[in-house]
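Counted the way mature numbering (1 follows the signal peptide of the UniProt record, and there is no 0) counts, the sequence shown spans residues -18 to -1, 1 to 205.
Backbone N, C-alpha and C define an ideal beta-carbon position, used for all residues, glycine too.
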Amino acid sequence: YYQMKFLLLSASAALAEAFNNHIPILAKLPAWQRGNPEGELDIQVFYDPLCPGSRDASRSWDAIADKESPVAGKTYAELANFRVSLSVLPYHLHAYQMTQLYYYFFQQKAEGLDLLQDYLEFCWDNIGKYDESMSEKDFKPIWSIEVANQLGLLAGDLRAVYADENSDLFTRKVWKVPMSNGIATTPGGTVNDIVLDQVPMTEEDWEDLFKSLYPESNEENLH
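Dropping the structure here:
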């Protein structure tokens, strides 16, 4: 479901048009922290709000983050400057409209950032809820009310985001960052600016990744 390359190929014309619409590529992608800003590993992940694989990768990281890492005395979260950003996929219906609210949360500064992970979890909890026949026009007001009720926000404020062309501009800018770095599926990510073949999906996968990054710790544990 998160590889679906044949659908990406069918959307190639639309993607090419998006790249030619003079929307600039952001030098630094807005993200929120799920680790330690001073961590020695730089990990950036890209999640789609309707991707089950993104959900699994995120929740497995949360499950392991506070456990002891291969480096004695440090947790996984302490080692990693672990940043999360959204990357909408064109074949997930309504994921683009969900991602547009990303703009609202970053406009709210720190308070919005605290809510952003909660918002993403709410998106994942609604995977498969909305009928594919629902139009974009019908989805936006319904989703605004659902999110407002869940997060204690004003539905009118969220509806206003959709009326603001800057939210569309911002979403396209955000989308271009992973695409311009060769990340066309979710979950996607980088470690120290190197693109991962596959983002870890389970706790064991995260453990294996860190062991590969700290092989000297593995050798110490054998003695």
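- A Cβ-Cβ separation of about 26 Å leaves LEU32 out of contact with ALA62 under the 8 Å criterion.
- As computed with DSSP, TYR29 is found in a beta bridge with LEU68.
- A Cβ-Cβ contact shorter than 7 Å links ILE46 with GLU185.
- DSSP places VAL156 within a helical segment (H, G or I) once states are collapsed to three.
- Burial state of PRO160 is buried, judged by a 10 Å Cβ sphere holding 16 or more other Cβ atoms.
- The beta carbon of SER40 sits closer than 7 Å to the beta carbons of TYR29 from its chain, once the five residues preceding and following it are set aside; these are given in chain order.
- With a cut-off of 8 Å on Cβ pairs, the segment 129 to 149 is not in contact with the segment 65 to 73, counting fewer than three such pairs.
- In this structure, the CA atom of TYR112 is about 45 Å from the CA atom of GLY55.
- Remark: C-beta atoms of VAL27 and GLY134 do not approach each other more closely than 7 Å.
- Distances from the CA of VAL70 to each of ASP96, GLN132, TRP157 and LYS49 were compared; the closest alpha carbon is that of TRP157.
- In this structure, the beta-carbon distance from LEU191 to PRO182 falls below 7 Å.
- For the options TYR84, PHE104 and CYS105, the alpha carbon positioned closest to that of LEU95 is the one of TYR84.
- In this structure GLY110 is exposed. Its beta-carbon is surrounded by fewer than 16 other beta-carbon atoms within 10 angstroms.
- Cβ contact annotation for SER42 (same chain, cutoff 8 Å, sequence separation greater than five): PRO182, MET183, THR184, GLU185, ASP187 and TRP188, in chain order.
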